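This report concerns only the one structure given below.
If you want it as structure tokens, here you go:
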């Protein structure tokens, strides 16, 4: 690793999240001496890149630190000799997301950015690009770490780890959000909470929750059963059924609602779609407003409105992870890594989301063993769906895609699976050239 | 094993299936010298026991063989020193089945005898009884084999194998039905077909199909994709979607429709319930007719009408299995046994349905290893449901039951799961004394 | 498979075992219509090939069957379109074996044809040749079965299965010898005995022994503890220590003596080497006598003297296995196949020796699960040695070879391992071109 | 955990190691407020207990801290309400150790305190006592942590974890000694070194060695191959064979010499036994001198001579571990814990030695997955020996003991195993009442 000055390449640098990322590097500069940040985007994202890139430059200027922000459309220039490559790109932009949400709804199936057929479509578009990026890294920055936050983060990370040997760690803000949620419910500060996580990205359970090291899972569950709950910005916040949450005996993640309360979630989604629009449509407006804000030449900090965007803590988690690697911190982070026997109920070569000791050599999961049967089955069937999705995305395998969607718990039949798949392929034709 | 005359005890001897069982023993008498058959039933089944028992006596008499049919309400007398105990009882009779079918339908969920909440309810009622029977066997006939065909056969067998050390083998007519179906599709005789089976009872896949030892899976799939199909008497017979069956690349079992075509199956069930009645209601009439036939003192053979009943080949499979054990045949039978690593993707101590070499020491599965991800996930989530069901049934564990139903692929939410569970407990209160 | 006439290619056709093979095919002709047998050997074996080949021709002639014996030095001609390729070749002939035996003895280590450093040396010589043969098969007879009896049979088979996709089954006469031994001890005929086998080639345990299907393991062990024992022609026949055999509670194979009685076996070997010569030297004389016999133009049957050779039943086991495949017999044979989870305590991709159901599609092991800790550790350490041996042989990897020998239970230190390895490489330089 | 003042109970408090333990607690007092230390011993150890106990009191007095040293022969008083129970007792004292060393030597087998038959004998004596202690803990201090350093530490810990549910962590100074050794070889300070450990107690490999987070394994191996080595006080320090250490490619532990250089180690031991005496005899003198020193009323610090004793860092490692638990440090320690799938090549319920994150809830291993075949086999066979040893010790199972010794790589035959076992049972009769 470069000793005098770290180089960061951020793919999808025109994202609205970028100010948080920049803020994160500024905050940590003392121990994490970032010298160059390359924000790279594609032609279609040029305008956004310029807007957010200029804000980033103003933020750095204000900090007085020796950090250089580079804006570029040349991905290879950005990646060359980078120490860390972070990804926050979105193939097809928000319009593709909106289509991902609407196609399943047409068939009375939940349409969500990362869960179910929506996430499947996003994976098909994203995986070829991530593999391209890995090719670049292999050639131009073979020692670089790839910190992926592009969704569906677990599936995309699995593709990178299965098909390349780029050092990749997948990241998501759900675990940190659950820590924050548990802290809220227990009315304590976040840093006193630790959670044992086991599962997959957007399907992770907090199997034990600790306050100052003491197991408080039962108390937390009692409070959740009493109606206190926690959620992400973009997931409906109705309370968990009391007996259910007690029988579960652990902390679900917000995305679990799609599985444990599929009927209600579908109803809500349909109502939203007819009134305020799908989440993608809502976000599109939020983004428009954000970029208006970002344009303000007097703005030189991350604006508080960004918090509404839904991905809060995402970029901060990335900076913190990069810091732990760079400084060999041996800290515990909850990230997406190769299973390799950590959870005995899943194959070795798949990606899981779990607590890891992070040091200069990467993220090392602490052992889990077998998980209880009550969470095992759901985790396994969704993982099988994910494996088939990766296969379909990499090989352009129609049959694998059809099986992936058919076995997904949210899809009611092979006929519906086929209809959705055909619509996805039709609608995303320009991005899905792997399918002949 | 008794060398001069085998003793069979058949629990639920008043079942309409009994004539097939008797026929099976008569046919095999030369190599399987059955001396005593105890047909045992409970007080409520006394009338049926007498009707079918008398038919059995007439059948034996006609055969001229030295077999004694005993009718009794004393289970322990029947079990004492038995060589084989077979089970075909139905706790709560057909009325309980009808209730099992109707409760889920009330919540827009598939209501089926063995699959989903209906099978769950049946397991709750049946498992305490099978464990009682195992107690009797342990005490009165410790060397006896328990051949279980009481449904849900895999779950009931798992309970027996997890909680007792009675030598138990679970049996189902689905595999033989699939062999028969494949033979029909390929237009050959059944004995030329061999199928590699992997999965769970009523969720078993034919991973390879052989004709005279040659792999003909692809040809078979092509024909199935063209619309030829196969099914059981009690499962709707619409054809499989062509691309789906090709992408699966193996032979599904009829009960797979509940998972792969949930939406259509639910619609059909609802229509049936409103018109001809649920399957249980239909069967109730079939049975009534059958017993009228059985009463005919001139009848001394298994009447052909029994084939309509749905359980065809069931009893014949049992006789054939008993024969293989008794005569140390080392034949291959498809039965339900402890996994013990046969399928590496399932826990060791659960029950699977697979090909086994059967000899005097029981059923020894041929090794499978890992199964493809396309069938793995569904198999795993259903197995997790089954394990929780066994736990709930044995311990009277409400929470385990709630989790079992919630994770079942056919149940759309924890709220619906709770409603169904509460209805089941309420409706079956007299049988479910394990729940306080 | 050719329906009108099977073609067999026997590599190492000049072996003294060939008459048994021919006899085996003659005996089974009715159900196994062998048409062409190609006996192939190398230039150095030409004389023996002619002698034994002519005997084979006389045997066939006497039988009056329509079998053609072909003698050739052209391996590819032999393999082309063969249905079965059997191997019984010996790279370096008996002189190499004698060197394999003598090198370890020089360092006070057991020197044995297949066990320990002697077997290691033989594997280094043999594996490159078997991979060459597999290349030929792939190209010239892609549907052929490779029936390997070349020693060390398990290791050689593992190399073929790991590095090629030729359909390979490894064979050894030890299991059939153990059945014969158990029958002798119990004083019954062999066909009434069945043994559950688990382990590796030349390290296989009879975990249960059955007489007419009844478990008689305990009785057998009692008799073995009383001094009755069993052994192979080429392994010393002193009795097992009584408490030891009882504590083992299962039937060891003759080669277990090298591990369980290393000290005594070494003493005996050293004494033999100084008096009658090593086993290889003895065999060399036996062979010389045999070939003198074979030359007799009046001889047209397998001479009884062959039984002394040590490999009795070897070729018969091969014919029987070929018959089971050809006729889709679904019979149980004890052979060497890929583990694939059969024994949960060994890796999936290694070769084990165990009971398999043999049909047209190969040998399918019956499931074993975990083995008891008393046999597990030895099985595992020897398997690790075998894996390293395969790696060393294929890649010419000196370090893998050094580790293989160091961890072998019969080698007392890394220094001795290095000395033996260096001597082996020096002595076998002409055969070990994979080592640079 | 008691918030105002920790209670420690040290079983075998009269050990010569106690001053290091006391020093460790004094050093850490600021963050680890120990209030009461109960040094408990048995009648035969009373004199030593008084000597070392009084030294402990003087050490505490000198520190001026509010720590109370209690000397007692009443183990239950010591354990009652303890927060941590540490063990450093030696059943049969050094005389038993000397006998453990001499019995194997009589049969030309390595006689070592913890490795081979010597360790086996020690396990037989120690395990019944540790289970008794666990009983006391269960009853009198159910929340206490048992920190076991009594040897053979891995085996004793395995017994505690298999047969009780006392929260037990096994400790050894070998890993810290290897860190120290690597630092010496690389000529850097210890705190810059981190090692990935995998294996069993006294059979642990350093699979990777890091300097400031960078992988320096290769450099270290090069230096070790050049003759630099590392060792413990009580293990012969001849250099590793160069090619061997390179082919291993990882750092062996000092006890590996018994396996990788058995012949040389045996020679050395025999020479020592005839000249200076066995290690036990040497230690007996060292101890005598130490206790003379300890008696000195002017001594109020740990004397430097203790370092010669061989167990250096042992007690310090214990204090550090206790501190990490008490203060929920999430630090990495190398300890003995239940495998639970950490190393996929060993059973779940056995004890391994590996890196763990230590917090208030115990020691959580970081995941390892499969280990390379070159270390796998030896690890597995020794683990099988350990499992049989635990079984033999707990059940008094002669046959399990005979198998344990027979499969141990250092024992050349079942006959020698039996002789050694019989001698051990005879010699230790008073301690081994579990054997009838």
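Residue numbers (the UniProt record's numbering), protein chains in the order written: chain A, 1 to 436; chain B, 1 to 436; chain C, 1 to 436; chain D, 1 to 436.
For glycine and all other residues, C-beta sits at the position ideal for the given N, C-alpha and C.
Note that the structure is a prediction, hence the values are computed from the model and not measured.
Asked	Found
Limits of the unbroken alpha helix (DSSP H) element including residue 96 of chain C	93-106
Neighbourhood of residue 378 of chain A by C-beta, 8 Å cutoff - its chain only, sequence neighbours within 5 removed	203, 259 and 409
C-beta neighbour in chain D for residue 53 of chain C, strict 8 Å	no
Three-state secondary structure assigned by DSSP to residue 256 of chain C	helix
C-beta neighbour in chain B for residue 34 of chain A, strict 8 Å	no
Exposure label - residue 190 of chain C; buried when at least 16 CB within 10 Å	exposed
For residue 203 of chain D, the first and last residue of its enclosing alpha helix (DSSP H)	Per DSSP, residue 203 of chain D belongs to no alpha helix (DSSP H); it is in the beta strand (DSSP E), 203-211.
Beta-bridge partners of residue 356 of chain B, as assigned by DSSP	B:333 and B:365
For residue 86 of chain B, three-class secondary structure by DSSP	strand
Of the listed residues C:164, C:58 and C:185, nearest to residue 295 of chain C (C-alpha basis)	C:58
Residue 282 of chain D: first and last residue of the uninterrupted alpha helix (DSSP H) it sits in	279-295
Close beta carbons around residue 182 of chain B, own chain, < 8 Å, minus the five adjacent residues each side	193, 195, 206, 209, 220, 230 and 251
Pairwise C-alpha distance: residue 125 of chain A and residue 103 of chain A	15 Å
Whether residue 339 of chain B touches residue 340 of chain C by CB criterion (8 Å)	no
Residue ranges of each beta strand (DSSP E) within the segment 144-225 of chain A, 3 or longer	145-148, 167-170, 193-200 and 203-211
Chain A within 8 Å of residue 340 of chain D, Cβ atoms only	yes
Residue from A:145, A:35 and A:107 whose Cα sits closest to the Cα of residue 360 of chain A	A:145
Same chain only: Cβ atoms within 6 Å of residue 287 of chain B, ignoring 5 sequence neighbours per side	16
Within-8 Å CB hit, residue 141 of chain B to chain A	no
Contact check, residue 36 of chain D vs residue 76 of chain D, beta carbons under 8 Å	no
Minimum Cβ-Cβ distance from residue 255 of chain B to chain A less than 8 Å	no
Beta carbon proximity, residue 263 of chain A to chain B, threshold 8 Å	yes
8 Å Cβ cutoff, residue 252 of chain A in contact with chain D	no
Per-residue contacts from residue 364 of chain B into chain C (C-beta, under 7 Å)	366 and 367
Residues bridged to residue 34 of chain A [DSSP beta-bridge criterion]	A:6
Enclosing beta strand (DSSP E) for residue 72 of chain B [first to last residue]	68-72
Helix, strand or coil at residue 276 of chain D according to DSSP, with G and I counted as helix	coil
Cβ-based burial, residue 307 of chain A [other Cβ within 10 Å; buried from 16]	exposed
Test: residue 45 of chain B CB closer than 8 Å to a CB of chain C	no
Same chain, Cβ closer than 7 Å to residue 180 of chain D, neighbours up to 5 away in sequence not counted	190
Buried versus exposed call for residue 370 of chain A [16 or more other C-beta atoms within 10 Å across all chains shown]	exposed
8 Å Cβ cutoff met for residue 353 of chain D and residue 175 of chain D	yes
Sequence-distant residues of the same chain with beta carbon closer than 6 Å to residue 114 of chain C, five excluded per side	151, 152 and 202
Exposure label - residue 271 of chain A; buried when at least 16 CB within 10 Å	exposed
Contacts of residue 90 of chain D in chain C (Cβ-Cβ under 8 Å)	Result: empty, since nearest Cβ-Cβ is about 27 Å, beyond 8 Å.
Inter-stretch contact at 8 Å, needing at least 3 Cβ pairs: the segment 315-328 of chain D / the segment 10-29 of chain D	yes
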